[in-house]
Amino acid sequence: MLSAASIPVLSAPVPVSIPATSVAKPPPPPPNTNLSLLHLCTHLQEATQVHALMVKTSQTADPYSAGRLAEFYALSDRGSLEHAEKILDSFPHHPPTFVCNTLMRAYSERRNPLLSINLYRRMLVDAVEADRFTFTFTLKACTQLCALAIGMQIHAQVVKHGLESNAHIRNKLIHLYAVSGRIRDARKVFDGSTEPDVVAWNSMLQGYADMDDGENLHNLFDSMPARDVVSWNTMIAYYIEAGEFEEAILMFRLMQQSSECGLNRVTLISVLSAVTQLGALGQGQWVHAYIKRHAIELDENLSSALINMYSKCGCIEGAIYSFETTHRRSVDTWNAMIGCFTANGCSLRAIDLFSKMEASGLMPNKITFTCVLNACSHGGLVDRGIRYFEKMSNVYGIEPDVGHYGCMVDLFSRAGLFEKAEEIIQRMPIEPDKVMWKAVVGACRVNKNYELGEKAGLKLIEIDPDDNAGYVLLSNIYAMSNNWNGVYRVRKLMHDRGIKKVPGCSSIELDGLVHEFIAGDAAHARKKEIYKMLDEMAQKLKRAGYEPDTTQVLLDIEEADVKESSLALHSEKLAVAYGLISTSPGATIRVVKNLRICGDCHSALKLLSQIYDRNIIVRDANRFHHFNRGSCSCMDYW
DNA sequence: GACTCCCGCT
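Quick note: the first sequence, position 480, residue 480 per the UniProt record's numbering, numbers continuous.
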């Protein structure tokens with residue numbers, strides 16, 4: 001629709017002023033009214049009117065004007081790729097280079113690099129002169145396609161045109177070689193440049209980071225004459241990718257101390273990701289405070305990262321606050337918040353928020369339903385789960401994927417409805433994955449269905465023989481049914497195949513430092529106090545009527561011999577003991593465990609939350625347990 | 001007349 005103000009302008013073109021007198025030297029090009037009008041257009045229809053005007057005056061035959069028009073159509077948010085292509089087609093024999101370049105750029109931006117390459121081919125056929133922009137755009141397309149062979153041909157063309165020293169082209173070549181795993185070729189281009197700019201350095205950094213070559217990465221980073229925000233972000237992302245989250249945060253600290261450059265949204269999102277995986281709430285809150293202090297607007301990405309951080313730190317209030325202070329909410333924002341309620345055991349709130357999302361008119365996606373269905377299975381809401389599963393395809397036209405079927409299998413298995421679970425597995429059109437079998441084994445263990453548990457455990461090992469989880473779970477099933485022969489067979493199988501059980505590890509963050517404990521750990525500087533505290537805990541637990549659940553020890557393949565004493569030294573208990581001696585009375589204790597919490601620790605922590613009057617929040621591999629006044633938010637349903 | 005490098009996850 002045209003706005004009222006713009007109608008008279010368009011219907012009565014402003015006269016073009018033409019110099020009254022002719023001069024000896026060629027006159028400068030007249031200011032082009034139509035082209036200026038183009039950029040005032042707020043809608044596509046307005047632009048097509050200007051376009052029509054230009055056709056009428058044959059202006060579109062002029063390469064420059066056609067170029068600007070193509071640029072507007074192809075790249076502005078008011079444009080249309082189809083219209084831009086029509087401009088290209090209006091030059092059937094020899095389209096202007098600029099028009100070709102602009103379209104290639106647009107194709108790349110819209111993630112359609114194949115069209116870029118095709119257009120470049122057409123330029124070759126039509127003998128359209130390529131320039132430095134042509135090569136940057138085609139190289140970008142090659143990079144997106146990982147088309148190394150074509151990229152090398154273009155590299156040859158670049159040399160032929162004498163454009164090897166062009167910074168943009170050179171950087172694109174480095175990037176292409178780096179992401180194609182040809183780091184030595186990337187280095188050759190890099191070393192061949194007289195004065196590589198920071199983008200060239202960064203592209204090399206990225207190459208080494210992708211190759212997981214920490215040594216060269218560090219050498220390069222240290223020898224950089226100047227580092228910008230991208231350089232630092234690349235290093236931080238490298239550590240996150242490598243799972244070295246503390247190093248990532250350390251890098252972030254160094255970045256701030258160096259004051260070489262400021263940080264940006266990418267930095268914040270990366271750091272939040274590291275903090276999230278560590279479960280280090282204090283550092284996450286620091287990032288949030290930074291965002292507020294610098295009045296950085298929460299866009300949908302940053303807010304999702306923030307909500308996710310609070311969620312994974314078990315801090316529901318923080319997540320809600322972040323959600324509510326986000327002005328532009330996307331599906332991801334809603335998903336993050338619904339997922340937070342789900343993971344923290346607030347199934348009904350998750351479902352309630354989903355209803356609000358529906359009411360807001362936003363379309364839920366696959367992930368939304370994964371979160372909602374998960375809420376139903378964790379909350380034991382079988383009927384609702386079935387309803388949402390049906391609604392997903394019937395109302396929203398979303399085909400269930402393996403994850404959704406997994407939620408349903410989980411939903412039925414947890415509720416002990418194993419026939420229903422098996423029915424789904426048999427009838428679904430996708431092969432069951434290992435997540436699904438893990439859910440089945442877990443539920444079989446809780447509901448003591450040893451027969452199906454064994455079958456599922458064997459499936460698990462068959463699907464992924466390298467994953468230790470299958471062996472551990474199967475052995476647990478055997479141990480619970482007193483099938484010691486089975487336990488022995490699994491243990492031998494693990495040994496023969498060189499599979500190692502991942503040791504349980506719990507961490508707790510205090511004053512910006514993350515302390516890690518493994519079972520029976522004696523490495524901590526304050527180990528004497530910690531063990532004294534453990535003794536006290538054990539005594540108080542006993543007085544409160546707690547009985548160590550030694551069946552849990554039998555399940556633990558590698559520690560079957562030490563029984564009761566080994567239970568008392570489980571990593572989560574150590575972390576809690578350290579939390580108790582290091583924080584003030586009443587303070588919440590937050591622990592992150594890499595595996596699922598053990599059943600004995602679960603009962604012990606319930607009592608301890610009462611004995612010491614503390615909120616104890618444990619994030620395990622699957623979900624959260626908020627222990628408070630003797631009970632847990634999971635309602636023992638996990 | 002314009003362009004290149006970094007994030008996010010079930």
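For every residue, glycine included, the Cβ atom is placed at its ideal position computed from N, Cα and C.
In this text the structure is predicted, and so the values were computed from the model without any measurement.
Within this structure, are the beta carbons of residue i and residue j separated by less than 9 Å?
{"i": "M357", "j": "W334", "result": "yes"}
{"i": "S571", "j": "L510", "result": "no"}
{"i": "A621", "j": "R596", "result": "yes"}
{"i": "A74", "j": "R111", "result": "no"}
{"i": "G270", "j": "I240", "result": "In the sequence on display, residue 270 carries Ser and not Gly. Yes, these two residues count as a Cβ contact at 9 Å."}
{"i": "S413", "j": "A375", "result": "no"}
{"i": "A66", "j": "P92", "result": "no"}
{"i": "Y546", "j": "L607", "result": "yes"}
{"i": "A336", "j": "S360", "result": "no"}
{"i": "F72", "j": "H43", "result": "no"}
{"i": "L513", "j": "A568", "result": "no"}
{"i": "L473", "j": "G486", "result": "no"}
{"i": "E297", "j": "R329", "result": "no"}
{"i": "K140", "j": "S116", "result": "yes"}
{"i": "A167", "j": "D197", "result": "yes"}
{"i": "F190", "j": "S180", "result": "no"}
{"i": "P432", "j": "V409", "result": "yes"}
Is residue i helix, strand or coil when you go by DSSP?
{"i": "S506", "result": "strand"}
{"i": "N628", "result": "strand"}
{"i": "I597", "result": "coil"}
{"i": "R526", "result": "coil"}
{"i": "H43", "result": "coil"}
{"i": "P15", "result": "Because the pLDDT at P15 is just 38, under 50, the model does not fix this residue reliably, and the value given afterwards should be weighed accordingly. P15: coil per DSSP, three-state reduction."}
{"i": "T48", "result": "helix"}
{"i": "K140", "result": "helix"}
{"i": "V395", "result": "coil"}
{"i": "A621", "result": "coil"}
{"i": "D636", "result": "coil"}
{"i": "H218", "result": "helix"}
{"i": "M54", "result": "helix"}
{"i": "M224", "result": "coil"}
{"i": "D410", "result": "helix"}
{"i": "residue 650", "result": "Examination of residue 650 is not possible in this model, given that the chain is present from 1 through 638 alone."}
Out of the options, point me to the one whose CA is closest to residue i's CA.
{"i": "I518", "options": "G284, K573, G512", "result": "K573"}
{"i": "L353", "options": "E324, S377, S108, A147", "result": "E324"}
{"i": "M255", "options": "T276, N233, L272, G243", "result": "N233"}
{"i": "I249", "options": "H378, I236, E82, E260", "result": "I236"}
{"i": "I617", "options": "Q610, E71, N628", "result": "N628"}
{"i": "A242", "options": "S231, S258, Y208", "result": "Y208"}
{"i": "K420", "options": "R614, L452, V99", "result": "L452"}
{"i": "A577", "options": "F624, R526, M211, P548", "result": "R526"}
{"i": "N365", "options": "G397, S347, H378", "result": "G397"}
{"i": "D466", "options": "A167, T57, R187, V502", "result": "V502"}
{"i": "E164", "options": "G181, T136, G284, L145", "result": "T136"}
{"i": "C315", "options": "T326, G345, A295, V55", "result": "G345"}
{"i": "P585", "options": "S180, N615, D496", "result": "N615"}
{"i": "L493", "options": "Y471, G504, N476", "result": "Y471"}
{"i": "R253", "options": "L278, W286, G279, M224", "result": "W286"}
{"i": "A226", "options": "S258, N216, E247", "result": "S258"}
{"i": "A538", "options": "S603, F98, G498, S90", "result": "S603"}
{"i": "V372", "options": "L362, R349, N394", "result": "R349"}
{"i": "A274", "options": "L217, Y290, C261, L306", "result": "L306"}
What are the boundary residues of the alpha helix (DSSP H) that residue i is part of?
{"i": "H168", "result": "167 to 179"}
{"i": "V199", "result": "198 to 210"}
{"i": "L348", "result": "347 to 359"}
{"i": "D191", "result": "183 to 191"}
{"i": "G545", "result": "Taken as a continuous stretch (DSSP letters only), G545 belongs to no alpha helix (DSSP H), as it is neither H nor E."}
{"i": "G279", "result": "Element bounds for G279: n/a, residue is neither H nor E."}
{"i": "T333", "result": "331 to 343"}
{"i": "Q59", "result": "Premise fails: Q59 is in no alpha helix (DSSP H) and is neither H nor E."}
{"i": "I367", "result": "366 to 379"}
{"i": "C100", "result": "97 to 109"}
{"i": "C444", "result": "434 to 446"}
{"i": "I430", "result": "It is not in any alpha helix (DSSP H) - I430 carries neither H nor E in the DSSP assignment."}
Per DSSP, which residues does residue i bridge with? Please list them.
{"i": "L69", "result": "Partner(s): none; L69 has no beta bridge."}
{"i": "R121", "result": "Looking at the DSSP assignment, R121 forms no beta bridge with any residue, so it has no partner."}
{"i": "I616", "result": "I589, F627"}
State the start and end residues of the unbroken beta strand (DSSP E) segment that holds residue i.
{"i": "residue 652", "result": "The structure shown does not extend to residue 652, since the chain is modelled only from 1 to 638, so the question has no answer here."}
{"i": "E516", "result": "513 to 518"}
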